[in-house]
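Engineer: The structure follows.
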Amino acid sequence: MELKYKEGQTPIDEDEKLGLKIKSISTMAELDEFEQQNIEEAVSWAYGRIFKPEQVLEVDFIQNIHRRMFKNVWKWAGKFRTSDKNIGVPFYQIRQQLQTLNDDCRYWIEYQTYLPDEIAIRFKHRMVSIHLFPNGNGRHSRLMADILLLALDNNQSFSWGGKSLRRGEDRTVYLAALRKADSGDIGPLLAFSKL
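Taking our numbering, the leading residue of the sequence shown gets 86, the next gets one more, and so forth.
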């Protein structure tokens with residue numbers, strides 16, 4: 086399978102490609118389509134439930150959401166990556182960094198350091214920066230932000246630009262907002278999440 090990556094996408098290495106469950110996939114468009122079907126099932130499942138913040142901030146829960154999002158497509162769905170990428174912490178630090186993020190987030194909630202929407206966006210940004218999985222980190226971290234926000238304030242949710250972030254102008258704006266957040270300015274990512 087020869088995949089052509091867009092800006093901001095992390096390449097899947099050859100060993101990870103072996104984890105593809107649907108052997109007939111040969112293009113990025115086909116992969117996107119199968120992944121999207123699986124993601125829609127996971128979103129439906131997640132939005133049909135009520136979660137408490139402490140539940141959302143568990144490593145097993147975070148892995149389970151990724152598994153639900155990609156289990157029909159990838160054998161390694163829900164498993165942390167085992168190789169280094171062009172983004173993220175070294176793979177052997179993933180669990181520790183995620184636990185630190187979960188602990189920080191618990192602190193932000195308990196001491197109301199930020200408003201609920203900013204807590205969820207900071208959580209999302211740090212999660213995607215750690216880069217937990219071989220693939221799907223942006224989509225996973227956005228769904229996790231949505232789930233956390235609903236757990237904190239069930240009257241609020243994010244729109245994420247209202248469109249697919251796989252291509253186009255919205256993706257460009259989203260990636261620019263992520264870069265700003267990387268340098269400490271969370272404002273553009275928070276604003277984009279509500280467009």
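We treat Cβ as the ideally placed atom computed from N, Cα and C, and that holds for glycine.
1) What's the gap between the Cα of PHE155 and the Cα of GLU120?
2) Which partner residues does TRP159 have in the DSSP bridge list?
3) For TYR259, count neighbouring C-beta atoms within 10 Å of its own C-beta (all shown protein chains included) and say buried if the count is 16 or more, exposed if not.
4) Using only CA atoms, which one of ALA230, GLY269, LYS106 lies nearest to TRP159?
5) GLY223 to VAL213, Cα distance in whole Å?
6) Quick check: the segment 134-148 against the segment 176-192, are at least 3 beta-carbon pairs closer than 8 Å?
7) So, for HIS151: in the same chain, excluding its five sequence neighbours on each side, which residues have a beta-carbon less than 8 Å away from its beta-carbon?
Structural biologist: If we stick to the structure as given:
1) Computed Cα separation, rounded: 6 Å.
2) LEU105
3) When all chains shown are included, TYR259 counts as buried.
4) LYS106
5) 6 Å
6) yes
7) ALA162, GLY163, LEU217, PHE218, GLY221, HIS225
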